[in-house]
Amino acid sequence: MEYKDLSPAVQSEELLRQLIEEKIAEGETGFPSERMLETELGVSRTTLRRSLDTLEKEAVIQKRSRKGIEINQKQTIN
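Here it is, written out as structure tokens:
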């Protein structure tokens, strides 16, 4: 996939999906903090939150106030 042709939000969403697949393969349900993801992916907090909101609407992840982000194990990534 050519990331240069995609918007930053779509790029970060695709990278997050890859990270989720890796975490599921390792049997993990926890996810890094927004601050860590922002740095790791090299995107702004706004862009990252848009991507996370999309994944949450698809029930791939669940954001919990003061608890962080959890991966929904029952969901499969497309």
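Just so it is clear: in the sequence shown, position 11 is 11 by UniProt numbering, and no numbers are missing. All C-beta atoms in this analysis are idealised placements derived from N, C-alpha and C, irrespective of residue type, glycine included.
8 Å CB neighbourhood of residue i in its chain, flanking five on each side removed
i   : result
T46 : none
Delimiting residues of the alpha helix (DSSP H) encompassing residue i
i   : result
E58 : Neither: E58 is in no alpha helix (DSSP H) and is coded neither H nor E.
E38 : E34 to L41
L6  : Note, L6: premise wrong, no alpha helix (DSSP H); not H, not E.
Same chain, Cβ closer than 6 Å to residue i, neighbours up to 5 away in sequence not counted
i  : result
P8 : V43 and T47
Per-residue DSSP class, three states only, for residue i
i   : result
R66 : coil
Per-residue burial, residue i [other beta carbons within 10 Å of its own, 16 or more giving buried]
i   : result
L41 : buried
S65 : exposed
L6  : exposed
S33 : exposed
Q11 : buried
Candidates the options: closest to residue i by CA position
i   : options               : result
L37 : Q73, E56, K57 and E13 : E13
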